[in-house]
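*Asks:*
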Amino acid sequence: MPITSLDVARRAGVSQPTVSRALRDQRGVSASTRWRVRQAARELGYVPIQSGRALSTQTTGRVGIVSAELSNPFYPALIEPLHDTLANLGYRTILVTDRGDAPIELEPLIDGSLDGVILTTSERSSSLPNELERRGVPYVLINRQADEIEADCCVADNYAGSRDVADFLVRLGHTKIGAIYGPDSTSTGHERAIGFRQRLGQLGVSLDDRLIHEGPFTEKTGVDGFTAIYPHRPTAIFCGNDVIALGVRNAAEATGVRVPEELTIVGFDDIPMA
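So in our numbering, the last spot in the sequence shown is 291, and the numbers never skip.
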């Protein structure tokens, strides 16, 4: 049976109307009572329905999108069509930013104010999909997969894409190839690295450990990777995404390395800037 406000009231030792006022931050409820009610709600996993529309229709007309910082041009290009499609279906979108260096604030995603959540950035071991599942919040992953839970997802074939890159570079005659991967903690970084490495091995080309670098999907990773790798003179570098590739190109140009005459750079994602 679903947890109700009456269950919360019994746990907190207050009346049902007090539970409603406390969870809505209305006047007439002391700070200690509000804390006790919220603590009881958390312990029971109670999700209040917050909007008037929800009370009558059991929907809120809002969908949350969890995204990385929009400084990565991949995410605006992904979110804009999501927003437009949802708007055409009558939904408002609420954007929650995952900055990567701090936990995502969970409360706005599970407080009953959203009909569902779209996760566009999530680490393979993230607890967020499990928590949404536990709270009964509908969700879907885009561009990501989770290791420990079966969930609906919409992803590119990272293995096939990175294998195609390996084929392409070997066809061009490259044998001394570097790689700057995205974080292994993400499904995209992990799968692209595995697909590329496995295909090179099948083609008889080994990856020198000195020519491998890993980091976040940022231009800085590209710059740092180029600085670490290029002294060993690879003729080509595969980058885990286009943003990393832009960092490599900028670093190469800054040091006088001619692209593509002296160095072939390949990214992944096909963002407009690429």
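In this text, a Cβ means the ideal position worked out from N, Cα and C, and glycines have one as well. If you're wondering where the values come from, they're calculated on a predicted model, not measured in any experiment.
For R141, name the three-state secondary structure that DSSP assigns.
*Replies:* In this structure, R141 counts as coil in the three-state DSSP scheme.
*Asks:* Inspect the beta-carbon positions of N258 and D286 and report whether they are closer than 7 angstroms.
*Replies:* Contact: yes.
*Asks:* Sorted by chain position, which residues of the same chain lie with C-beta nearer than 6 angstroms to P125's C-beta, five sequence neighbours on each side aside?
*Replies:* Hits under 6 angstroms: none found.
*Asks:* Can you have a look at L72 and say buried or exposed, based on whether 16 or more other CB atoms are within 10 angstroms of its CB?
*Replies:* The predicted position of L72 is uncertain, since its pLDDT is 44 and thus under 50; no value can be drawn from it.
*Asks:* How close, in whole Å, do the beta carbons of I197 and H249 come, if the pair is a contact with beta carbons under 8 angstroms?
*Replies:* With 8 angstroms as the limit, I197 and H249 do not qualify as a contact, their Cβ atoms being about 13 angstroms apart.
*Asks:* Note down, one range per segment and in chain order, each beta strand (DSSP E) of at least 3 residues found wholly within the region 41 to 106.
*Replies:* You should have 79 to 85.
*Asks:* So for R209, helix, strand or coil by DSSP?
*Replies:* Three-state result, R209: helix.
*Asks:* Nearest to I135 by CA position, among L158, G129 and G153, is which residue?
*Replies:* Ranking the options by Cα distance to I135, first place goes to L158.
*Asks:* For V265, report the span of its alpha helix (DSSP H) as first-last.
*Replies:* Run containing V265: D259 to A271, per the alpha helix (DSSP H) assignment.
*Asks:* May I ask you to verify whether the region 149 to 156 touches the region 195 to 212, counting CB pairs closer than 8 angstroms and requiring at least 3?
*Replies:* The region 149 to 156 is not in contact with the region 195 to 212.
*Asks:* Out of N89, S88 and T110, state which residue places its alpha-carbon closest to the alpha-carbon of P98.
*Replies:* Considering only alpha carbons, the answer is T110.
*Asks:* Check for me: the beta strand (DSSP E) holding L112 runs from which residue to which?
*Replies:* Where L112 is concerned, the enclosing beta strand (DSSP E) stretches over R109 to D115.
*Asks:* Would you identify the three-state DSSP class for F243, choosing helix, strand or coil?
*Replies:* If DSSP states are grouped into helix, strand and coil, F243 belongs with the helices.
*Asks:* For D225, tell me which candidate among Y247, L23, E208 and F234 has the shortest Cα-Cα distance.
*Replies:* Looking at the Cα atoms, Y247 is the closest of the given residues.
*Asks:* For T235, I'd like the list of residues in its chain whose CB is within less than 8 angstroms of its CB, leaving aside the five on either flank, ordered along the chain.
*Replies:* Here the set comprises N89, V260, I261 and G264.
*Asks:* Identify which residue in R141, L145 and L220 has its Cα closest to the Cα of E208.
*Replies:* Residue R141 is the option with its Cα nearest to E208.
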